[in-house]
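According to our numbering, the sequence shown is numbered sequentially starting from 33.
These notes are about the structure you will find just below.
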Amino acid sequence: SDCIADDDSEQRLVIGVLGILDSVEVNAKSTIAALKALHIDVWMCTGDHDETAKAVAHAVGIDAENVCSNISPEGKADLITRLQRRRRESDNYWSGGERRGKVAVVGDGINDSIALARADVGIAIGAGTEVAVEAADIVLVRSNLHDVVVALHLSRVVFNRIKMNFVWAVGYNLFALPFAAGLFYPWTEWRVPPAFAGFMMAFSSVSVVTSSLLLRAYAKPIVNEDGTIYEQGCCPSLHRIGSVICLLPSIFKVRQSPTKRGWTSVEINQIV
């Protein structure tokens, strides 16, 4: 501000005000919408005052009750711990319908390093400080917030492929072992030749390895402006098949609310 002082008095007149405001990232709003489409709760934890935090949260689509302002670095770590202790509905039949929350933190500053280290997965912006990058598990080299969605989507695809390979290998061996052991010989008088048994064993390994190598055909999804996710390549159909195979025990369980899968929350520390 520039002020003019009267020589004969102590009064001052303000003739101008200069304000500095960080702009919101271009992809912030679509990234938040995409994370919500993946059934992930999004929280905002910042050291800014309450008015600024709520204004930015409203602009990008974060719920007001999920905004924490005036938070110190230690307070951010405490919030991560509280979120991790929360129980949420699970689609896993063996977990009794609930499981412990998992938290991913996205940050780029020194104040975020403690929270990045405390979280189950720390995601650092490539253009951030060196301390934040060292404390994180994943570094977004391009500093594009859409890559947060891509990283979580890729992790789900890979983990579902692991579960699909495990179910396939167990089912295949449970089906083939009785024939190889000759359990049906008293009724069928049929034995598996050694060469054919070796071929079946090799086919089991080759099929699992081939299924894993198909991940090389993975193409990252496109996040549209409205937050919808467009999946590309041949992995989306295989991803859905793996999900159906691995969730068969859950179809016998009646649920009163829609199933939420994946991460409990993603805390966005820096979206401006």
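The C-beta atom is built at its ideal place from N, Cα and C for all residues, glycine as well.
query                                                                                                 : result
Alpha-carbon to alpha-carbon, Ala-69 and Val-189                                                      : 16 Å
Status (buried if at least 16 other CB within 10 Å, exposed otherwise) for Tyr-250                    : buried
At least three beta-carbon pairs within less than 8 Å, the region 209 to 220 to the region 88 to 96   : no
Under 8 Å between C-beta atoms of Asp-382 and Ile-157                                                 : Here the chain has residues from 33 to 304 only, and residue 382 is not among them.
Ser-55 versus Pro-253: straight-line alpha-carbon distance, rounded                                   : 26 Å
Endpoints, the beta strand (DSSP E) within which Gln-116 is located                                   : Taken as a continuous stretch (DSSP letters only), Gln-116 belongs to no beta strand (DSSP E), being part of the alpha helix (DSSP H) at 105 to 117.
Selection from Thr-78, Asp-110, His-90 that minimises the alpha carbon distance to Ser-101            : Thr-78
Where Ala-227 falls, given that 16 or more other Cβ within 10 Å makes a residue buried                : exposed
Counted within 10 angstroms of its Cβ, other Cβ atoms place Val-181 as buried (16 or more) or exposed : buried
Ala-201 - DSSP class collapsed to helix/strand/coil                                                   : helix
Inter-residue spacing [alpha-carbon to alpha-carbon] between Val-173 and Tyr-204                      : 41 Å
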